[in-house]
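In my numbering, the protein residues as written are 1 to 229.
All C-beta atoms in this analysis are idealised placements derived from N, C-alpha and C, irrespective of residue type, glycine included.
Values in this document were obtained by computation on a predicted structure and should not be read as measured data.
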């Protein structure tokens, strides 16, 4: 069970953006009463704005894939930014205690293991191409020796999780007033770490202004361009 009060709701578009940006998660499943955990790079596949599958691969020496072959239901957890919120940043008279704000996404589904090396090879290629795109210059995977690749691929097995449930939890003190959220965001910005800046931007995106949800574009949140006022 994932504790997720209604007040921590946030657009699913933001959850998908976060997963595609992180591209790394924790796969959790249970087989014969034993929990299994694997941290792994991932591909997040979206069609027409809907999350469809998440792909990756296991080392064959990792028994987790064998457990999933028999008990294929799993959850993948994507941990986003998190930061401590000091009570001193709220407006005078706000009796709220310090807290911790964070962004996390849980995805549930059924895991299907690769039936052949062609599928596993495609997962590897897509992972490389997706991550190389962020670099100033890209490594050409075609330059990797074919014999070396042929020796390595049998030691991994590709998989895809076919999504049945997407559960984002964006704990951003959404239920507080705008002045409190802006004060906390200013305190976070002053700390000037990647995580505190990110949480500040997410918090600012929930400010209501004239009483309506701010509704800033999710890309503004990600790029840190949400206005403070």
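My output table needs one value for residue i: the three-state DSSP class, helix, strand or coil.
{"i": "residue 55", "result": "strand"}
{"i": "residue 9", "result": "coil"}
{"i": "residue 222", "result": "Low local confidence applies: a pLDDT of 49 at residue 222 is under 50, so the model's placement there is unreliable, with the coordinate-based value given in what follows. Here residue 222 sits in helix by DSSP."}
{"i": "residue 237", "result": "Outside the modelled stretch of the chain, which goes from 1 to 229, sits residue 237, for which no answer is possible."}
{"i": "residue 48", "result": "coil"}
{"i": "residue 68", "result": "helix"}
{"i": "residue 99", "result": "strand"}
{"i": "residue 138", "result": "coil"}
{"i": "residue 83", "result": "strand"}
{"i": "residue 75", "result": "strand"}
{"i": "residue 110", "result": "strand"}
{"i": "residue 228", "result": "Residue confidence is low: residue 228 scores 48 on pLDDT, short of 50, so the model does not pin down where it sits. No coordinate-derived value is stated."}
If you count every other CB in all the chains shown that lies within 10 Å of the CB of residue i, and 16 or more means buried, which is it?
{"i": "residue 231", "result": "No answer is possible for residue 231: the residues shown for the chain start at 1 and end at 229."}
{"i": "residue 78", "result": "buried"}
{"i": "residue 56", "result": "buried"}
{"i": "residue 101", "result": "buried"}
{"i": "residue 18", "result": "buried"}
{"i": "residue 175", "result": "exposed"}
{"i": "residue 93", "result": "exposed"}
If you compare alpha carbons, which of the options is closest to residue i?
{"i": "residue 16", "options": "179, 107, 116 and 181", "result": "107"}
{"i": "residue 2", "options": "40, 51 and 76", "result": "76"}
{"i": "residue 118", "options": "141, 154 and 13", "result": "154"}
{"i": "residue 134", "options": "56, 5 and 23", "result": "23"}
{"i": "residue 38", "options": "25, 66 and 72", "result": "25"}
Within a Cβ cutoff of 7 angstroms, which residues of the same chain sit near residue i, ignoring the five residues on either side of it in sequence?
{"i": "residue 214", "result": "Only weak support is given to the placement of residue 214: the predicted model assigns it a pLDDT of 45, under 50, and the question is left unresolved by the model."}
What does a CB cutoff of less than 6 angstroms around residue i pick up in its chain, not counting 5 residues either side in sequence?
{"i": "residue 112", "result": "160"}
{"i": "residue 165", "result": "108"}
By Cβ distance below 8 angstroms, which residues in the same chain neighbour residue i in space, the five residues on each side in sequence not counted?
{"i": "residue 163", "result": "51, 52, 53, 54, 107, 108 and 109"}
At which residue ranges does the stretch 141-217 contain complete alpha helix (DSSP H) runs of 4 or more residues, listed in the order of the chain?
With a minimum length of 4 residues, the continuous alpha helix (DSSP H) runs that stay inside the stretch 141-217 are 146-152, 178-191 and 194-204.
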